[in-house]
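Down below is the structure, laid out as structure tokens.
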Amino acid sequence: MVMHYMIIDRRSQPRDDAREGEQTKPRHFDEAILSHQLTIPRQFIWPEYERPTSEIVPELNFPVIDVAAFLSGDPIALARTTRLVDEACRNHGFFSVVNHGVDRNLIEKAHRCNEYFFDLPEDMKQRAMRKPGELCGYASSFNGRFSSKLPWKETLSFQCSAEKSSNIVEEYFRRTLGGEVTTMGKVYQEYCSKMNDLSLTIMEILGKSLGVKQGHFQELFQGNESIMRLNHYPPCQRPDQTLGTGPHCDPTSLAILHQESINGLQVFVDGEWRSISPNFNEFIVNIGDTFMALSNGIYRSCLHRAVVNKEISRNSLAFFLCPNKDKVVAPPPELVSPDRPRKYPDFKWPMFLQFTQKHYRADTKTLESFANWLSNATQSKSG
């Protein structure tokens with residue numbers, strides 16, 4: 026089943042919801058009001074075929090990878106790791122990592138800072154408001170580029186640097202929010218550094234699983250320009266009508282997600298949605314579209330979404346690994362052959378990012394659509 030996206034026709038919505046949407050036109054996501062509304066604004070109501078059901082969603086079967094065992098050099102652990110990761114990434118692109126070397130206290134601090142930010146007064150959060158056309162900053166449902174099928178969430182995104190000497194995260198918080206959030210800047214500076222280290226280790230695991238020359242992907246992602254995102258999903262009195270994040274595939278190379286304690290992440294596999302329950306000791310890893318291109322389509326970027334609930338907020342921490350803007354995204358020679366020709370054209374990350382941010386709403390066909398868009402743009406220039 027392929028999920029397509031469409032603009033909501035308000036005539037297809039229940040009459041009460043339409044009236045509520047006409048009466049309620051908030052300019053920002055006011056959790057104190059929206060979380061208690063029994064009838065949610067029509068902008069948040071998704072088509073019935075995309076809404077979550079009340080049925081229990083089965084758990085996704087995915088491997089748990091012991092990073093410390095992989096790094097130990099033990100040949101049995103190495104063989105087991107590469108086999109499990111290869112199977113998962115060919116099927117749905119999701120696995121988790123444990124014994125990852127990220128201190129539990131740091132993770133707890135990162136979650137506390139997440140809660141602190143989204144509890145700030147609205148005018149304080151507005152200081153970090155994301156500008157049109159930009160990827161980083163504070164965003165609620167109402168300052169995105171879409172006017173229907175809005176996600177029931179708030180986010181704060183900021184850029185990370187792979188350079189150990191960089192204080193880009195601390196500087197971002199100081200510049201946008203002032204001295205009151207110095208601690209937040211320090212916490213996320215350290216957290217992003219650990220995520221960068223972990224992501225490069227995962228790249229080495231993926232390279233071995235694909236049979237690529239040692240260090241190839243690590244070298245490609247040295248000097249990466251990645252993105253950190255804090256997610257906040259407030260309670261919703263109609264969780265059956267909306268979504269925290271709609272079905273999408275990540276355009277980035279890799280996502281490393283930490284869920285605190287509340288269920289919400291779901292993955293679309295074999296024609297049905299499956300849940301991934303939180304485990305504080307794990308990071309959830311999933312392949313993005315850019316790495317699918319790097320693997321020449323061997324590894325899959327899978328459709329996933331976030332659902333909400335009535336009772337309690339859900340927060341998560343997401344690190345998105347992205348190539349340096351000057352690096353060419355192309356599969357290594359080992360993954361191209363007469364039996365497996367090139368599936369996607371060469372591109373650079375900023376070009377793909379521009380496509381997903383300005384021209385397309387991400388779905389399972391993003392890469393194919395981007396390749397067509399790129400081809401048309403090239404022909405237009407040459408013509």
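26 is the number of the first residue of the sequence shown in the working numbering; add one for each residue after it. Just so it is clear, CB atoms sit at the ideal spot from N, CA and C, and this is done for glycine as well. Just so we're clear, the structure is a prediction, and the values are computed from it rather than from any experiment.
Contact under 7 Å by Cβ, residue i with residue j
| i | j | result |
| --- | --- | --- |
| S278 | L346 | yes |
| K368 | G322 | yes |
| F87 | A104 | no |
| S172 | I252 | no |
| I281 | F344 | yes |
| T201 | R152 | yes |
| I312 | S326 | yes |
| P176 | T107 | no |
| R254 | G289 | no |
| A396 | D371 | no |
| L328 | C274 | yes |
| P272 | R330 | yes |
| K178 | W71 | no |
| P276 | D314 | yes |
| L109 | I301 | no |
| F54 | S165 | yes |
| P357 | H241 | yes |
| K350 | P375 | yes |
| C138 | V194 | no |
| V294 | H117 | yes |
| F119 | V237 | no |
| S121 | V89 | yes |
Residues bridged to residue i [DSSP beta-bridge criterion]
| i | result |
| --- | --- |
| Q284 | S341 |
| D314 | Note: D314 sits in no beta bridge, so no partner. |
| Y258 | R339 |
| W298 | F293 |
| H329 | H273 and V292 |
| M253 | F183 and F344 |
| F372 | V354 |
| E244 | According to DSSP, which records beta bridges pairwise, E244 is partnered with nothing at all. |
| I58 | Note: I58 sits in no beta bridge, so no partner. |
| L279 | I312 and L346 |
| E84 | S300 |
Residue i versus the options, residue with shortest Cα-Cα distance
| i | options | result |
| --- | --- | --- |
| L96 | V123, K383, H329 and M376 | V123 |
| M228 | S320, P66, E73 and N340 | S320 |
| I309 | Q284, N192, N288 and R330 | Q284 |
| A93 | L59, Q266, E307 and E75 | E307 |
| G232 | E250, D111, Q266 and K390 | D111 |
| D91 | G158, D55, A102 and I193 | A102 |
| V206 | N221, V237, D144 and E75 | D144 |
| K134 | Q214, G296 and T403 | Q214 |
| H187 | M209, N221, G210 and P100 | The amino acid occupying residue 187 in the given sequence is Ala; His does not appear at that position. Per the Cα distances, N221. |
| R67 | R263, S362 and V333 | R263 |
| S79 | D314, Q266 and T391 | Q266 |
| V333 | V212, L268 and S362 | L268 |
| C413 | N192, I230, K238 and R76 | Residue numbering for the chain in the displayed model covers 26 to 408; residue 413 lies beyond these limits and cannot be assessed. |
| L142 | S300, T180 and H61 | According to the sequence provided, residue 142 is Phe. The question's Leu does not apply to it. The shortest C-alpha separation from F142 is found at T180. |
| F305 | W71, V82, T64 and V127 | V127 |
| K150 | F198, V292, S300 and V194 | F198 |
| K383 | L160, A57 and I58 | L160 |
| V361 | A402, P83, A318 and S394 | A318 |
| K352 | D99, K211 and Q243 | Q243 |
| W298 | P157, Q184, Y74 and G98 | Y74 |
| F246 | V292, R76 and F316 | F316 |
| R185 | Q239, K219, E147 and F380 | The question names Arg, yet the displayed sequence has Cys at residue 185. When each option's Cα is compared against that of C185, the closest is K219. |
| G162 | V89, E393, N256 and Q379 | N256 |
| G158 | R386, N401, A402 and Q379 | Q379 |
Below-7 Å beta-carbon distance, residue i vs any chain C residue
| i | result |
| --- | --- |
| G162 | As a matter of chain content, chain C is missing from the structure shown, which is built from one protein chain. |
Residue i, enclosing beta strand (DSSP E) - first and last residue
| i | result |
| --- | --- |
| G162 | G162 to S165 |
| D91 | V89 to D91 |
| L181 | E179 to Q184 |
| V122 | F119 to V123 |
The alpha helix (DSSP H) enclosing residue i, as first and last residue numbers
| i | result |
| --- | --- |
| L231 | T207 to L235 |
| Q68 | Counting along the chain, Q68 falls outside any alpha helix (DSSP H), and DSSP gives it neither H nor E. |
| A153 | Neither: A153 is in no alpha helix (DSSP H) and is coded neither H nor E. |
| V111 | Here residue 111 is Asp; the residue named in the question, Val, does not match the sequence. Note, D111: alpha helix (DSSP H), P100 to N116. |
| A135 | R129 to F143 |
| I193 | I193 to L202 |
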